[in-house]
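Asks: Taken in order, the sequence shown gives residues 223 to 503; the numbers are from the numbering used here. Starting off with a structure, shown below.
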Amino acid sequence: MTQGDEPGWEVDPTDEWGVAVVATVARQLKLRREAVGMRAGDFGTAVGYGEDMVYKIESGKRIPRPEFLDRADEVLGAGGLLSAMKEDVKKVTYPKKVREIAELEGRAVEIGVYECNNIHGLLQTPEHARELFDVWQPQYAPHELDRMLAARMARRSVYEREPAPSLSFVQEEATLLRQVGDTMVRRQQFERLLEVGRLRNVTFQVMPLNSGPHPGLSGRIELLKFEDGSAVGRSDGAFNGRAITDPKQLRILDLRYGTIRALALPPRESLALIEKLLGET
Numbered sequence: 223m224t225q226g227d228e229p230g231w232e233v234d235p236t237d238e239w240g241v242a243v244v245a246t247v248a249r250q251l252k253l254r255r256e257a258v259g260m261r262a263g264d265f266g267t268a269v270g271y272g273e274d275m276v277y278k279i280e281s282g283k284r285i286p287r288p289e290f291l292d293r294a295d296e297v298l299g300a301g302g303l304l305s306a307m308k309e310d311v312k313k314v315t316y317p318k319k320v321r322e323i324a325e326l327e328g329r330a331v332e333i334g335v336y337e338c339n340n341i342h343g344l345l346q347t348p349e350h351a352r353e354l355f356d357v358w359q360p361q362y363a364p365h366e367l368d369r370m371l372a373a374r375m376a377r378r379s380v381y382e383r384e385p386a387p388s389l390s391f392v393q394e395e396a397t398l399l400r401q402v403g404d405t406m407v408r409r410q411q412f413e414r415l416l417e418v419g420r421l422r423n424v425t426f427q428v429m430p431l432n433s434g435p436h437p438g439l440s441g442r443i444e445l446l447k448f449e450d451g452s453a454v455g456r457s458d459g460a461f462n463g464r465a466i467t468d469p470k471q472l473r474i475l476d477l478r479y480g481t482i483r484a485l486a487l488p489p490r491e492s493l494a495l496i497e498k499l500l501g502e503t
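Given below as structure tokens:
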């Protein structure tokens, strides 16, 4: 399959911002192509796409790939204008919900997470995440899976922020024991947990299997706090799982999360457990 035959990234019609971004890029592409007097077919040949795909991109029906924008910029002599649109276009490829989560994580000065079902997305390796996406029902199409994976990995930019946010993770031991992927995938995931857990701004803890009942048994808890003193929280087992900002409700989640952290293994013992699991894998 050539690049020109690849299925394009479809625009989510319910994503108003995404639709607007893609429409702007599409308009600029068409204006630039017509300004230099190049037919769609000739332009498609020059950038390695079929004429039909060019028309779909120029009509805003497909999200152009980054390499397409770079090649188009070069072929049309746009002086970097088209290439400069890659960042916004890249964000459009991520599902709206994922983009909203990433935006919150990108502003938070504190992030606290308790996870009981899977290793949290901010801790996953690409290989581990792909294994999880691959068994989703109904199944993702290959290009959809790639988009979901790219979106999840893009959230890891939270580790590169300056100043660094304070990150706290509590993982149920059961999530570490689940056989996700082959030996190499599991080893890479354990190595990633050790790498992140040793960062100065990260506290990583494990809730051991032999722990007694605790406030996290009803589901995942997430707390994000911002520089202005506001916060957003969510829990699978409270407030119908919806995002909350009410101070009284946030205090409840804060109390539950604090109790969970107090009952979990200390960070040093938690990392020692990961090292033990890595050695046994």
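All C-beta atoms, glycine included, are put in the ideal place defined by N, C-alpha and C.
#1: So, do the segment 357–364 and the segment 292–309 have three or more beta carbon pairs nearer to each other than 8 Å?
#2: Rounded to whole angstroms, what is the Cα-Cα separation between Gly240 and Pro286?
#3: Just how far apart, CA to CA, sit Leu326 and Leu446?
#4: Jot down the residue ranges of each uninterrupted alpha helix (DSSP H) in the segment 387–468, minimum 4 residues, whole runs only, in chain order.
#5: Between Gly259, Ala372, Ala351, which lies nearest to Trp231 when the distance is taken from Cα to Cα?
#6: Under 8 Å by Cβ, that's how I've got Gln427 and Leu487 pegged, so tell me the actual separation to the nearest angstrom.
#7: Taking the alpha carbon of Leu500 as the reference point, which residue from Arg490, Ala257, Leu399, Arg456 has its own alpha carbon closest?
#8: If you draw a straight line from the alpha carbon of Val405 to that of Glu497, how long is it in whole angstroms?
#9: Considering just the uninterrupted stretch of the alpha helix (DSSP H) at Ala242, what are its terminal residues?
#10: Is Tyr362 helix, strand or coil by DSSP?
#11: Anyone know if the C-beta pair for Thr425 and Ser379 falls short of 9 Å?
#12: Flag this pair as yes or no: are the beta carbons of Arg254 and Ala294 separated by less than 9 Å?
#13: May I ask which residues mark the beginning and end of the beta strand (DSSP E) holding Glu337?
#14: To the nearest angstrom, how far is it from the Cα of Ile333 to the Cα of Glu444?
Replies: According to the structure data:
#1: With a cut-off of 8 Å on Cβ pairs, the segment 357–364 is not in contact with the segment 292–309, counting fewer than three such pairs.
#2: The count along the sequence shown starts at 1 and reaches residue 240 at position 18. The count along the sequence shown starts at 1 and reaches residue 286 at position 64. Roughly 12 Å separates the two Cα atoms.
#3: Counted from its first residue, the sequence shown places residue 326 at position 104. Counted from its first residue, the sequence shown places residue 446 at position 224. The straight-line gap from Cα to Cα measures roughly 8 Å.
#4: Whole alpha helix (DSSP H) segments, 4+ residues: 395–399, 405–419.
#5: Numbered from its first residue, the sequence shown carries residue 231 at position 9. Out of Gly259, Ala372, Ala351, Ala372 has the C-alpha closest to the C-alpha of Trp231.
#6: Residue numbering aside, residue 427 sits at position 205 when the sequence shown is read from its first letter. Residue numbering aside, residue 487 sits at position 265 when the sequence shown is read from its first letter. In this structure Gln427 is in contact with Leu487, their Cβ atoms being roughly 6 Å apart against a cut-off of 8 Å.
#7: Taking the first residue of the sequence shown as position 1, residue 500 is located at position 278. When each option's Cα is compared against that of Leu500, the closest is Leu399.
#8: Along the sequence shown, read from residue 1 onward, the residue named residue 405 stands at position 183. Along the sequence shown, read from residue 1 onward, the residue named residue 497 stands at position 275. It is Thr, not Val, that sits at residue 405 in the sequence shown. Their backbone Cα atoms lie some 15 Å apart in a straight line.
#9: Residue mapping note: residue 242 aligns to position 20 of the sequence shown, counting from 1. Following the DSSP letters along the chain, one finds Ala242 inside the alpha helix (DSSP H) bounded by residues 238–257.
#10: Here residue 362 is taken as the residue at index 140 of the sequence shown, counted from 1. Residue state, collapsed to three classes: coil.
#11: The count along the sequence shown starts at 1 and reaches residue 425 at position 203. The count along the sequence shown starts at 1 and reaches residue 379 at position 157. For Thr425 and Ser379, no; Cβs fall outside 9 Å.
#12: Looking up residue 254 in the sequence shown gives position 32. Looking up residue 294 in the sequence shown gives position 72. Cβ atoms of Arg254 and Ala294: closer than 9 Å.
#13: Sequence index remark: in the sequence shown, residue 337 carries index 115 (1-based). Element bounds for Glu337: 330–337.
#14: One-based indexing of the sequence shown puts residue 333 at position 111. One-based indexing of the sequence shown puts residue 444 at position 222. So the two alpha carbons sit approximately 7 Å from each other.
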